[in-house]
Each structure stands twice: as structure tokens, then as C-alpha cells.
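Novice: Quick one: the structure is below, and I'll ask about it shortly.
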Amino acid sequence: MQGFLSILDSAAGALLWGFLLTIVASAAAITSGALLGIVFGLALTFGGPVLAFPFRVVVDVVRGTPLLVLILATYYMPSGLGLSPGPMTAGIIALTIFCASHVGETLRGALLAVPPAQTDAGRAIGLTFLQMLFYVLMPQAIRQIAPNFVNTAVEIVKGSSLLSAIGVGELLLTTQEVIGRTFRTMEFYALAGALYLLINLVLSTGGAWLERHFRIR
Amino acid sequence: MNYVLNFGAVFRGFDDLLSGLALGLAMGLAGLVAGALIGIVAGYAAVFGGRPARVVVTLYVGFIRNVPILVLALFAFFALPQYGIRFNNTNTFAAVLAIYAGAYLTESFRAAIATIPKGILEAARSIGLTGTGIAIWIVLPIAIRNALPSLGNNFISLFKDTSIAAVIAVPELTFQARKINNESFRVIEVWLVASGLYIATCALLALALRRLEARFPKF
Numbered sequence: 001m002q003g004f005l006s007i008l009d010s011a012a013g014a015l016l017w018g019f020l021l022t023i024v025a026s027a028a029a030i031t032s033g034a035l036l037g038i039v040f041g042l043a044l045t046f047g048g049p050v051l052a053f054p055f056r057v058v059v060d061v062v063r064g065t066p067l068l069v070l071i072l073a074t075y076y077m078p079s080g081l082g083l084s085p086g087p088m089t090a091g092i093i094a095l096t097i098f099c100a101s102h103v104g105e106t107l108r109g110a111l112l113a114v115p116p117a118q119t120d121a122g123r124a125i126g127l128t129f130l131q132m133l134f135y136v137l138m139p140q141a142i143r144q145i146a147p148n149f150v151n152t153a154v155e156i157v158k159g160s161s162l163l164s165a166i167g168v169g170e171l172l173l174t175t176q177e178v179i180g181r182t183f184r185t186m187e188f189y190a191l192a193g194a195l196y197l198l199i200n201l202v203l204s205t206g207g208a209w210l211e212r213h214f215r216i217r
Numbered sequence: 218m219n220y221v222l223n224f225g226a227v228f229r230g231f232d233d234l235l236s237g238l239a240l241g242l243a244m245g246l247a248g249l250v251a252g253a254l255i256g257i258v259a260g261y262a263a264v265f266g267g268r269p270a271r272v273v274v275t276l277y278v279g280f281i282r283n284v285p286i287l288v289l290a291l292f293a294f295f296a297l298p299q300y301g302i303r304f305n306n307t308n309t310f311a312a313v314l315a316i317y318a319g320a321y322l323t324e325s326f327r328a329a330i331a332t333i334p335k336g337i338l339e340a341a342r343s344i345g346l347t348g349t350g351i352a353i354w355i356v357l358p359i360a361i362r363n364a365l366p367s368l369g370n371n372f373i374s375l376f377k378d379t380s381i382a383a384v385i386a387v388p389e390l391t392f393q394a395r396k397i398n399n400e401s402f403r404v405i406e407v408w409l410v411a412s413g414l415y416i417a418t419c420a421l422l423a424l425a426l427r428r429l430e431a432r433f434p435k436f
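Sequence lines, in order, name chains A and B.
In this text, residue positions in the first sequence follow our numbering: the first is 1, and each later residue adds one.
In this text, residue positions in the second sequence follow our numbering: the first is 218, and each later residue adds one.
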């Protein structure tokens with residue numbers, strides 16, 4: 001154990017850096033994915049057949065493909081067109097599209113679940129479409145998708161470990177490098193697992209707290 | 218932008234892609250069946266077990282659902298052999314998939330068992346069935362039927378998760394696609410075909426499952 005602590009001490013800097021990169025990449029993907037997902041959800045719900053169609057295709061393609069394939073495709077495919085995004089950029093783009101597709105699909109369901117009588121009432125008091133969206137539909141829809149959104153966020157944090165496959169030096173790749181140097185396989189994989197667990201527990205506890213805080217009483 | 222599509226390399230490797238797809242489906246199915254067994258046992262424990270059983274189940278579900286499956290797979294493949302637990306990469310991944318699926322299916326079965334109407338259990342008791350009899354002959358068939366949609370959705374997502382086995386060199390679809398990618402550099406073609414295969418398989422599975430659900434509606 002004494003031996004492991006000194007090894008851990010020598011690896012702590014690198015691991016901390018990887019841990020932060022995991023958090024930064026996930027946070028970037030979750031926030032941009034949530035914003036893009038709102039666009040997806042609105043287009044799917046109110047876009048009509050023409051505007052909704054491309055979004056429908058993107059959402060179905062993303063939901064039918066494994067995240068790892070999406071990440072590998074986002075990293076490799078642009079090189080055929082002469083573009084070469086770095087692994088971090090490609091990875092965050094892939095996670096963002098993944099997040100947006102899931103948020104978009106759940107938001108569509110939540111918007112459709114708002115009783116039509118409320119839209120009628122809004123129209124009766126003369127609300128415009130945007131006012132209806134901001135004051136009637138979104139406040140209810142967002143509350144309804146909150147638990148699902150927390151799950152998606154946890155999936156994104158877990159999915160960020162797949163970025164190690166394209167060479168992003170996040171927590172898992174850093175862990176693998178440390179193991180390559182120290183041969184402490186068991187300990188460092190367990191540590192990486194514990195750190196992912198920590199991030200996700202904070203996310204779900206925070207999410208549950210926010211849900212309680214904004215619940216309609 | 219003068220990239221010319223050439224599917225030659227991808228079609229030469231198409232047999233490998235298909236065998237990879239079959240391996241993925243096989244691992245997904247193995248994970249689903251074993252995971253369902255874990256889920257049924259843990260689901261029963263969560264509903265009918267005492268406090269210690271409930272705590273163990275909660276810890277298992279909470280731990281597995283919050284750790285990336287890739288970390289679990291790497292741990293099982295690289296760390297466990299040091300302690301004499303050693304399987305080949307395909308079996309290791311299938312086992313990890315089962316434990317992973319078990320955590321998700323525990324929640325499904327717990328809900329499916331907990332929502333069985335009280336009246337059915339009372340009726341079973343009144344015709345003289347004991348606890349074990351009720352658990353096997355009454356609760357289990359209803360629970361499996363009620364959990365059917367969730368089992369189906371889990372199978373689709375397990376099948377997609379088998380792509381992660383590529384990282385420990387299991388020769389499934391993503392592994393084969395990556396191999397063609399590295400050998401031929403036909404980057405656009407290979408990922409188009411690979412994701413097309415995944416999407417088509419998932420769509421067919423979803424279609425089949427909807428029919429199965431219509432055939433066996435919830436109780």
C-alpha cells in the first residue's frame with residue numbers, strides 16, 4: 001500500500017489533468033448539446049414535414065448508431081474531404097450531436113404532451129407563437145424532460161471515456177498511460193471508475209435537487 | 218473536395234463486416250439473457266427482500282450505471298487476470314455486458330414486479346399457493362411480460378454497446394470497420410457502410426420487437 005501511494009503521488013498530476021479534461025469535454029458537450037437539442041426539438045415539433053425531415057433523419061441516424069461509431073466517424077470521415085479536426089474537436093462535436101438528438105427527441109415528446117387546451121387558452125388571450133413557447137409550453141416541457149436530461153448527461157460523461165479511442169487525453173487514456181508506466185492495473189482502473197462514479201453522482205444529485213427546487217407546487 | 222467514392226475496399230471486406238455484425242448480435246443476446254437472469258433475481262430481492270438485500274441491489278445498480286462500460290471492460294480484461302480470473306476477450310466482454318445489462322434490467326424487473334396488482338397475489342394465496350409458488354408461477358410470467366418492452370429496448374442498446382468491444386480487439390463490426398479504415402483509408406465509405414449496417418439492424422430489431430409487444434401486450 002505504501003508503494004502504491006508513492007506511485008499515485010507521481011501519477012496524480014497527470015490523472016488530475018485527465019479528470020479535468022473529462023469534465024470540460026463533457027460539460028462542453030452537455031451545454032451545447034442541450035442548446036442544439038432545443039433547436040432539434042422545436043424543429044421536430046413545429047417544423048412541418050419539410051423542415052422537420054432533415055432533423056428526423058439526423059436524430060434517427062444518431063440514435064441507431066453506437067456512440068463509438070459516431071465518434072470514430074466524426075474523427076475520420078472529414079479527412080476524406082480534406083478537413084482534419086483534432087481529436088478533441090471531433091470528440092466534442094460527436095458527443096454534442098449525440099446529446100442534441102436525445103434531448104430533441106425527448107423535448108418533442110414533452111411538447112406534444114402539453115394539453116392542447118392550454119395552447120387554445122393561450123391563443124384566446126392573444127399570445128403570439130413565441131410568447132406561447134416561452135410562457136406556456138417550454139416551462140412545462142423543460143420540467144418534464146429534466147429527469148431524462150440528467151440521464152443523458154450521465155450518458156455523455158460515460159461516453160466521454162470513448163474519446164480515449166481517438167486519442168483525447170481524458171481520464172481513461174491518462175489512466176491507461178499511467179498503467180503502462182506503473183503496471184498497477186487493478187488500482188488505477190478502480191480509481192478511474194471511482195472518479196467517473198463521483199462525477200455522475202454529483203450530476204444526478206444536483207439534477208434531483210434542481211428538479212425539487214423548480215417543481216410546481 | 219475532389220474525393221471520389223470508391224466502395225471497392227469496403228465490399229471486399231463486407232464478409233468481415235457481416236461476421237462482425239453477427240458476433241455483435243450474439244454478444245448482445247448473451248448479455249441480454251444473462252442480464253435478465255441477474256435482473257430477475259435482483260428485482261425480486263429489491264421488492265421482496267429485506268433491508269440488507271435492498272441495500273446490496275441499490276449499490277450494484279448505482280455503481281454499474283454510473284461507470285462507463287469501457288472502464289468495466291478494461292478492468293475485466295486487464296486487471297482481473299492478475300487475480301486468476303481469465304477469459305478470452307469475447308467472453309470477457311459478454312460477461313461485462315451481462316453485468317452491465319443486469320443493472321439496467323434490475324430496475325425494469327423491480328418496476329414490473331412492484332406494479333403487479335395486489336388482488337392477483339391475494340387470489341394466488343387464496344387458492345393455496347405458497348410464497349415460492351407465487352413467485353414462480355404468478356409473479357414471474359407477469360413480470361417478464363410487463364418488462365418485455367424494456368427488454369427489447371435494452372437489447373437494442375446492448376447491441377450498440379458491443380461496438381465498444383472493439384477496444385479490446387473483439388472482431389465485431391466496429392473493429393472490422395476500423396481495420397478496413399486503416400488498411401484502405403476509404404474513410405467515408407467504410408463509416409457510411411458500418412453505420413448503415415448498425416442503423417438497419419437496429420431498425421429491424423425495433424420493428425420485430427414492436428410486433429412481439431403487440432402479440433404479448435402488458436398485463
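Heads up, the beta-carbon is just placed ideally off N, CA and C, and yes, glycines get one too.
For valine 59 of chain A, which of helix, strand or coil comes out of DSSP?
Specialist: helix
Novice: Examine the Cβ distances between the segment 14-23 of chain A and the segment 154-174 of chain A and report whether three or more of them are shorter than 8 Å.
Specialist: yes
Novice: Cβ closer than 9 Å: which chain A residues qualify as neighbours of proline 285 of chain B?
Specialist: Val157, Lys158, Gly159, Ser160, Ser161, Leu162, Leu172, Ala192, Gly193 and Tyr196
Novice: Report the neighbours of methionine 186 of chain A on chain B: residues whose CB is nearer than 9 Å to its CB, in chain order.
Specialist: Phe292, Phe295, Ala296, Leu297, Gln299 and Tyr300
Novice: With DSSP as the reference, label proline 139 of chain A as helix, strand or coil.
Specialist: helix
Novice: What residues of chain A sit near lysine 377 of chain B, judged by a beta carbon separation below 7 Å?
Specialist: Ordered by position in chain A, the residues that pass the 7 Å Cβ test against lysine 377 of chain B are Pro66.
Novice: Along the chain, where does the alpha helix (DSSP H) that runs through threonine 418 of chain B open and close?
Specialist: Residues 404-432.
Novice: Taking all protein chains shown into account, do 16 or more other C-beta atoms lie within 10 angstroms of the C-beta of histidine 102 of chain A, making it buried, or fewer, making it exposed?
Specialist: buried
Novice: Alpha carbon to alpha carbon, how far is glycine 267 of chain B from threonine 119 of chain A?
Specialist: Distance between the alpha carbons of glycine 267 of chain B and threonine 119 of chain A is about 48 Å.
Novice: Leaving out five residues before and five after phenylalanine 188 of chain A in sequence, what residues of the same chain have Cβ atoms less than 6 Å from its Cβ?
Specialist: Thr175, Val178 and Ile179
Novice: Return no unless some Cβ of chain A is closer than 8 Å to the Cβ of phenylalanine 280 of chain B.
Specialist: yes
Novice: Buried or exposed for tyrosine 75 of chain A, going by 16 or more other Cβ atoms inside 10 Å?
Specialist: Burial call: buried.
Novice: Residues of chain A with CB under 9 Å from tyrosine 220 of chain B, in chain order?
Specialist: Gly80, Leu81 and Gly82
Novice: Taking C-beta to C-beta, are valine 288 of chain B and glycine 193 of chain A nearer than 8 Å?
Specialist: Yes, they are a contact pair.
Novice: I'd like to know whether the C-beta of tyrosine 317 of chain B is nearer than 8 Å to at least one C-beta of chain A.
Specialist: Nearest CB-CB separation between tyrosine 317 of chain B and chain A: not below the 8 Å threshold.
Novice: Under 8 Å by Cβ, that's how I've got valine 61 of chain A and isoleucine 361 of chain B pegged, so tell me the actual separation to the nearest angstrom.
Specialist: Not quite, the Cβ-Cβ distance comes to about 32 Å (not below 8 Å), so this is no contact.
Novice: Under the three-state reduction of DSSP, which class applies to phenylalanine 183 of chain A: helix, strand or coil?
Specialist: coil
Novice: I need the straight-line Cα distance from leucine 338 of chain B to glycine 348 of chain B, nearest angstrom please.
Specialist: 10 Å
Novice: Examine the ligand PLP and report whether any of its heavy atoms sits within less than 7 Å of the Cβ of leucine 95 of chain A.
Specialist: What this structure holds is no ligand at all, so the ligand PLP is not there to describe.
Novice: Which residues in chain A sit within 8 Å of isoleucine 416 of chain B, going by Cβ to Cβ distance?
Specialist: Asp60, Val61, Gly64 and Thr65
Novice: How far does the alpha helix (DSSP H) with glycine 86 of chain A in it reach, from first residue to last?
Specialist: Segment: none, glycine 86 of chain A is in no alpha helix (DSSP H) and carries neither H nor E.
Novice: Threshold first: 4 residues or longer. Then list the alpha helix (DSSP H) segments lying entirely within the segment 249-332 of chain B, N to C.
Specialist: 268-282, 286-291 and 306-331
Novice: Just list the alpha helix (DSSP H) runs in the segment 355-387 of chain B, keeping only unbroken ones of 4 residues or longer that don't cross its boundaries, in chain order.
Specialist: 357-363 and 365-378
Novice: Measuring CB to CB, does leucine 137 of chain A end up less than 8 Å from valine 114 of chain A?
Specialist: yes
Novice: Could you tell me the boundaries of the alpha helix (DSSP H) in which valine 227 of chain B lies?
Specialist: First-last of the alpha helix (DSSP H) with valine 227 of chain B: 225-229.
Novice: With a threshold of 16 other CB atoms inside 10 Å of the CB of glutamate 400 of chain B, please say whether the residue is buried or exposed.
Specialist: exposed
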